[in-house]
Every structure is written in structure tokens, then in C-alpha cells.
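**Q**
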Amino acid sequence: MGSVPSTPLKSDNARPQDTAEYLIGTFVGEKSFPISSDFWQKLLELPLNFRWPAHRVLQACELLEQNNQYTRHLAKILIHLSWCLQECISASGAPSGAYDKAVNAVYISSVFLKHLIESAKSDDIEELYLFLDVKEPIPKDFIQDESIENLVMHTVLSFISSVDVSPNTYLLHLELLNFMLIAMSTQLLCGPSPGPKDVNPFIDAAIVQDNSLVSLVVHKLLLNYISQPGMPFKSSSYSIFYEGSQPSVLQRVGSAAANFVLLPLSYLGSSRGEGSRSPLVDCSLLVLLVLIHYHKCVVSNESITDLSVDGHTSDSLLKENTYFSDNPYCKALENATDFEFDRIDVEGNAYTDPVVRLPFASLFDTLGMCLADEAAVLLLYSLLEGNSDFLEYVLVRTDLDTLLIPILEALYDAPRKTPNQIYMLLIILLILSQDLSFNASIHKLILPGVPWYKERLLHQTSLGSLMVIILIRTVQYNLSKLRDVYLHTTCLATLANMAPHVHRLSSYASQRLVSLFYMLSRKYNKLAELRDDRMHLAKGSNSLTEDMSTELHIYTDFLRLVLEILNAILTHALPRNPEVF
């Protein structure tokens, strides 16, 4: 950036690049401009269509990091972003000068906010200086007592929820979602698990919004995911912070920030699924997942009275208890209902609280098409685990293969998945297998072929038989590679739920089930012999056999589960499954 000129370049012959140099240099420089200065209008009206190399972007970010505590320019541009969004909402998102300024404001804010969060020296988020200096002249339309992070998140969420996505508004929607992912990534500064001292100003501000706004936001984000709006042909991201043909800093950050924010869930990785669609669709889903899985740890003080030895009471003591506060976004998702039905409580009264109403049929079909994307798997899990209406809807569908085939194919490709991804897929199957009608219906649906299954030609195989084959294959992979007890138990528990309802199990599935029993038996016998030999050599010492005894106990439990599965089939469903016998 270099030094900043003392006066703007006002010459009519000045190159636009020079104007950009000056305005960005002034923004990151030492001089503080009041929030009402016309400098902000010039900065936000600047067409950001120039290419800057990455090292200059980094230099600008470092300068703002040094000077922001004196200039508070990050806070000021966030305030201007809020004002521009308020004007856009009033204009119903129609193209206007406020729209262009809002895009510029959110883009610049995202790039510099991302750097400040990443370079924070501690979890003290006050390094962002999200407040104005006490000497700052305050405009009459600015509420001084309102926090800047609350003002920004309220207007961002209000715009997202109230302004429809169209070719004219697509870019602003996309940049706002990217901004949210970056702003909410302050969780990275905290520990691996939420604590009462964690400070995440932007996502905390989002959590305390009115329930009516929360419901509208969840509704809009899910509609974005369902409708899959593509990027308009004429729409393009700004390139002032590009380096050659490489993705912009913001584009790289948007994906990275989203994935890292979800790392505490031990699920999403840095890779993207093959089902990737337009960036707006991906960002909508990621923002929703971050919001619904955020846990705010709070402290409550309980007064307790300490009794002395002689029976007299002493002074009251304060006992601190920590708990997670309610997440309104999670509740909104859990209470979402099909738009074809009105929600009625047990007494026949309609719900008065704001309820997210969605086309469950479209959501079901969209999830089925996108389950190659791990974020879609997490959304499906969240819906099945938390929303009883959606779970019931899924269970009554006759085309369960829409969801199950992509899940089973992902499990078939387990060597390319992380253990956490495999576990999430298995949990979904476990939830579904708890329903009796599900276990019965999957054996009635016949698949003409399974082209992605390479070990054997599966022709006219029931969906239930395929599910048994894949679960057993996952067990075998886990035993040989991962050796994860919980993953193994989840597989066998799902098979145990299915066993009493098995119908016309294919010969190949029956063979795999019996082979699983023999494989576990051999491993059990081998471990038992090794343990006995070790005990004999150790002459009674337990130190050499403790680990082996633990593993033997695990295999004992595995064998017991497999025997229960076989017994359930032989007892309740043998006439319907001659291949097992």
C-alpha cells in the first residue's frame, strides 16, 4: 500500500487504479475518518474491479490490524453496511446505489474481518474493536447504546430473510452469507468445547434475535437449498483482491471458514462433495448448519447455605453451574412442518408461535440428490434426529431408495471417508431402522441393479438385502482398518433392529451374514488361545494379558449381537428367508 497521500486525487485525469489505491490506503491508514465523513461514500461507491496480488492484500490487512484500534474503521464500515442494507430492504432489493454500496461494504468487511480474526493473538475478541471511540461524533440516527455486532447481524439476517434471491440480488445474498461464515468463525479462537468465557460477538448476536426473525431466516436458508438458485450469467464476484486467475481471498476464506467452524462437530472436513452446486446454495446450507449447531455455554449462580459443625448457619455461598442456553435456530428447525399441513397440538389448538413451513417433498428430493455432499448428510441427520414431523414424512415415503441408495453408496466407499463421516451415515440408518414400517418396506422395494457395487453382480436385489450387505461390509472394514468399537456397535445395532422384519433376504446377503459370524468366531478363538498362552507364560501376571482380555471381551459382545441377529431371523422370519437356513 505504501504511504497514503494527504489529500484525495481529485484530478479528472487520475486513473481509477490510483483512486482505488488512495481510498483503500486511507481505509487501512492511520488517519481516522468520522462515520459521517464523505470518505465512506467514496469508498463504497468505488468499483472494485481491479486485480491486486495476494501480497498487497496481506499488506493492507496488516496495516488495518495496526491502525484499527485508533481509527475504528472496521466498526465504521460495518455500520455503513447496516445502513446500506436497511435502505436495500426498504427498496425491496431493487437495484440501486445502496445495493452497490452494500455489496462493496460487505466484501471489504469480509476480507479484513477474516484477517483480523485469523491473526488474533488470543481469544480476546476485543481486538476487533467493535465499538466507536467515545470522542466520535455520533449521527442523530445512530443508537449509541446498541452494539455494532447486533446492529450488523440484525440487518444482515433481515435482508437475507425478507429480500428474495433474484439475478439482481444474487451477488449481495452470496456476499452476506460469506460474511456470516467469516464473522461466526470466531469460535476458532475458543477451546475445543464451548466454555462460559467464550466470546463470539457475531453469532451470539444472531442467537438473541427475535423468534420471528429466526424462523424467517431458517425458512429462507432452507428454501435457498431446496430451490437451488444458480448464479446469474452476468453476475461475477469482485476481483480487487484477486491474484491472477486464482480464487479471491474471500472465496478461499468462505469455504475454509465454513469448514473450520464446523470442525467442533467432528464432521465436516476441508473437502467438498461431488454434489456441489451454486455457491449461494452451499453457503446457505453451511450458514444454517453453523447456526443450528452453535452451543452457548452460560453460568448460573446458585446460593447455597453452609452449615457449621455446631448447627449454626454460616454465610451463603455461590455455586456456579454451567449449562447450554437454548438455540432458537435449532428449535426452529426441529419445529419445522410440512407446508401442506397445519400443526395442531394434542388439544386441537393451532400453534401460535412462528413455525417454519416447508415443502417436505421438495426437501426430501433435494437431499436425495445431494447426499454426496457431507453437509447435506449433516442436515439430514439434524432433521431426522430433531424433527419428528420430517422423520415421520420420510418413513411414509414409498421411494426410500432416494435417500438410502446415496447413503449406502457412501458407506461402500468407506475407505475414502473419515471415521466421523462413516459414523454419521450409520447413525442415520440406525434412526430409520427403529421404525417397524421402515424395516418392512425396504424389503418390498426391488432394485433392478446396483452398478456401483463391484464385488458381485447384484440383480433384482431388495433394498433391505443391499442394506444388510453394506452394513456387513462396513463391519468387516472397521474390524480390519478402523477398529472403532462404537462404529461397530452401531452397525450391529442397525442389523438387530432389521432382523425380525427381514423378508426374502437374498442368498448373497444371507451368505455374508453367516460369514460374518464365522469370521468373528475365528477371531474370538484366536484371541482366546493367545490369551491363554500369554497367561501361561506370564505365570499369573495380569499385566501382559490385560489388553488382550479387553479385546476378547469386545469380541464376545460382537458375537452375542450377531447371534441375536441370526436368532431373530430364525425365530421370527425363517419361513420368509429360506436362504438363511
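All residue numbers for the sequence shown refer to the working numbering, where the first residue is 62 and numbers rise by one. Backbone N, C-alpha and C fix where the C-beta goes; we use that ideal spot for every residue, glycine too.
#1: Only counting the same chain, and skipping five residues up and downstream in sequence, which positions put a Cβ closer than 7 angstroms to that of S610?
#2: Does the separation of the CB atoms of V342 and Y286 fall below 7 angstroms?
#3: Span of the alpha helix (DSSP H) holding G510?
#4: Spatial neighbours of N638 within its chain, please: C-beta separation below 8 angstroms, excluding the five flanking residues on both sides.
#5: Do H531 and L574 have their C-beta atoms within less than 7 angstroms of each other?
#6: Checking the sheet assignment: what are the DSSP bridge partners for S171?
#7: Does the distance from the CB of E395 to the CB of G447 come in under 7 angstroms?
#8: Buried or exposed, going by whether 16 or more other CB atoms sit within 10 Å of the CB of Y355?
#9: For E106 and A267, I'd like the C-alpha separation in whole angstroms.
#10: With 16 as the cutoff for other CB atoms within 10 Å, does D161 come out buried or exposed?
#11: Do the CB positions of P340 and L235 come within less than 7 angstroms of each other?
#12: Return the residue from the list C145, I169, H176, K175 that minimises the CA-CA distance to A163.
#13: I178 and T247 - do their beta-carbons sit closer together than 7 angstroms?
#14: In terms of alpha-carbon separation, which member of H549, Y569, T230 lies closest to M292?
#15: Is there contact here, the segment 499 to 516 with the segment 537 to 555, by at least three beta-carbon pairs under 8 angstroms?
#16: What does a CB cutoff of less than 6 angstroms around D450 pick up in its chain, not counting 5 residues either side in sequence?
#17: With a CB to CB cut of under 6 angstroms and the five nearest residues on each side skipped, what residues in its chain are close to L519?
#18: Are the Cβ atoms of L548 and Y454 separated by less than 7 angstroms?
#19: If you draw a straight line from the alpha carbon of I140 to that of V416, how long is it in whole angstroms?
#20: Three-state secondary structure (DSSP) at F385?
#21: Decide if the segment 525 to 539 is in contact with the segment 582 to 598; the criterion is three or more beta carbon pairs, one per stretch, under 8 angstroms apart.
#22: Between H280, L622, D434, E612, which has its C-alpha nearest A560's C-alpha?
#23: Could you tell me which residues DSSP puts in a beta bridge with D259?
#24: Determine the DSSP secondary structure at D594, reduced to helix, strand or coil.
#25: Assign G315 to one of three DSSP states: helix, strand, or coil.
#26: Would you kindly work out how many angstroms separate the C-alpha atoms of I199 and K137, rounded to a whole number?
#27: Can you tell me which of the three DSSP states S502 falls into?
#28: Label L143 either buried or exposed according to how many other C-beta atoms from any shown protein chain fall within 10 Å of its C-beta, with 16 as the threshold for buried.
#29: Quick check: what's the CA-CA separation for Q102 versus S93?
#30: What's the C-alpha gap between N388 and S180?
#31: Any idea what DSSP makes of S345, helix, strand or coil?
#32: Can you check DSSP and say which residues form a bridge with D399?
#33: Residues in the same chain with beta-carbon distance under 8 angstroms from L191, minus the five sequence neighbours each way, listed in chain order, please.
#34: So, for A152: in the same chain, excluding its five sequence neighbours on each side, which residues have a beta-carbon less than 8 angstroms away from its beta-carbon?
#35: Out of I96, P95, A81, which has the shortest C-alpha to C-alpha gap to A121?
#36: Around the C-beta of G90, are 16 or more other C-beta atoms found within 10 angstroms, so that it is buried, or is it exposed?
**A** On the basis of the supplied data:
#1: R592
#2: yes
#3: Premise fails: G510 lies in the beta strand (DSSP E), 507 to 510, not in any alpha helix (DSSP H).
#4: V563, H564, R565, L566, S571, I630
#5: Reading off the sequence, residue 531 comes out as Ile, not His. No, the Cβ-Cβ distance between I531 and L574 is not below 7 angstroms.
#6: Paired residues: none, contrary to the question.
#7: yes
#8: buried
#9: 28 angstroms
#10: buried
#11: yes
#12: C145
#13: yes
#14: T230
#15: no
#16: T398
#17: V511
#18: no
#19: 31 angstroms
#20: strand
#21: no
#22: L622
#23: Note: D259 sits in no beta bridge, so no partner.
#24: helix
#25: Only weak support is given to the placement of G315: the predicted model assigns it a pLDDT of 39, under 50, and the value that follows is read from those uncertain coordinates. It is helical.
#26: 11 angstroms
#27: helix
#28: Contrary to the premise, residue 143 reads as Ser rather than Leu in this sequence. So S143 ends up on the buried side.
#29: 15 angstroms
#30: 29 angstroms
#31: helix
#32: L419
#33: L135, A136, L139, S208, I209, E210, P262
#34: A159, Y160
#35: A81
#36: buried
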